[in-house]
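Per our numbering, the sequence shown starts with residue -1, numbered consecutively.
Ideal Cβ placement from N, Cα and C applies to all residues, glycine included.
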Amino acid sequence: MSKKKLLLATNNHGKLEELRVLLANVPFELVSPSQIGLLLDVDEYGKTYATNANIKAKSFAKSSGLLTLADDSGLEVEALNNAPGVHSARYAGLGASDAQRIDYLLLKLKDVPFDKRLARFVCFIAISYPNGNTHLCSGSCRGTITTAPHGTGGFGYDPVFYFCKFGKTMSELSAEMKNRISHRARAAARASRILAKMA
-1 MSKKKLLLAT NNHGKLEELR VLLANVPFEL VSPSQIGLLL DVDEYGKTYA
49 TNANIKAKSF AKSSGLLTLA DDSGLEVEAL NNAPGVHSAR YAGLGASDAQ
99 RIDYLLLKLK DVPFDKRLAR FVCFIAISYP NGNTHLCSGS CRGTITTAPH
149 GTGGFGYDPV FYFCKFGKTM SELSAEMKNR ISHRARAAAR ASRILAKMA
């Protein structure tokens, strides 16, 4: 008997591949919007990660008729009053690349000493049925923003998010380690337990 489908509601290739690994053991067939021919661009107008994750999950579930998982995540830097936060993807303007967003962040922090550059990554995951019923879970991890990018792995702000405990940025961690300790890994672990009961 074939597995039921779970739609991963993202068009971000890096996030999609990460979610496929993190959710590899759930009892569903993981599909992307492009795999089912769904072209949908959702306006994330919410002021919180939870709201945006819910908006995405419900919109994609309603359009596809499939159980859908969506996440919203961001970087919060204490010295910037927890900016960029929910605006992390748009921090340097619409259409900016990861490198441009990092450059903009580092410019904002140029006069902030290393010990004052504390930050955390936050992730909220929403799982939505086509009827709108939704489950929500979250995860976070703490680190410090470096003065320059390091490493080639990951995506987004990973090259400047430094773990003192490991002496490495998120980009320098092995994929296996990142998928154990990252904000998205922690939220996905909770989502996996919910999904196991939904199959």
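Asked: Opening and closing residue of the beta strand (DSSP E) in which G141 lies; Found: 132 to 143
Asked: Three-state class that DSSP yields for T8 in the structure shown; Found: coil
Asked: Residues that DSSP places opposite L67 in a beta bridge; Found: L6, I125
Asked: H181 versus K106, G152, T132, S71, residue with shortest Cα-Cα distance; Found: S71
Asked: Whole-angstrom distance between R188 and E42, CA atom to CA atom; Found: 23 Å
Asked: Buried or exposed (CB count within 10 angstroms, at least 16 for buried), P82; Found: buried
Asked: Option in V40, R99, L20 with minimal Cα separation from A173; Found: L20
Asked: Of the residues G149, R140, S190, the one placed nearest K163, counting alpha carbons only; Found: R140
Asked: Contact under 9 Å by Cβ, P65 with I125; Found: Correcting the residue identity first, residue 65 is Leu in this sequence and not Pro. Yes, they are a contact pair.
Asked: Option in L14, H11, F26 with minimal Cα separation from K3; Found: F26
Asked: At least three beta-carbon pairs within less than 8 Å, the stretch 113 to 120 to the stretch 135 to 149; Found: yes
Asked: DSSP state of R191 mapped onto helix, strand, coil; Found: helix
Asked: Under the three-state DSSP convention, the category P25 falls into; Found: coil
Asked: C-alpha distance - L92 paired with F159, whole-angstrom precision; Found: 22 Å
Asked: Cutoff 7 Å; reference M175; Cβ partners in own chain excluding five residues on either side; Found: none
Asked: Where E42 falls: helix, strand or coil (DSSP); Found: coil
Asked: Contact under 9 Å by Cβ, Y155 with R99; Found: yes
Asked: Status (buried if at least 16 other CB within 10 Å, exposed otherwise) for L105; Found: exposed
Asked: Three-state secondary structure (DSSP) of F112; Found: helix
Asked: Close beta carbons around G12, own chain, < 8 Å, minus the five adjacent residues each side; Found: G152, F153, G154
Asked: Beta bridge counterpart(s) of V75 as assigned by DSSP; Found: A81, A117
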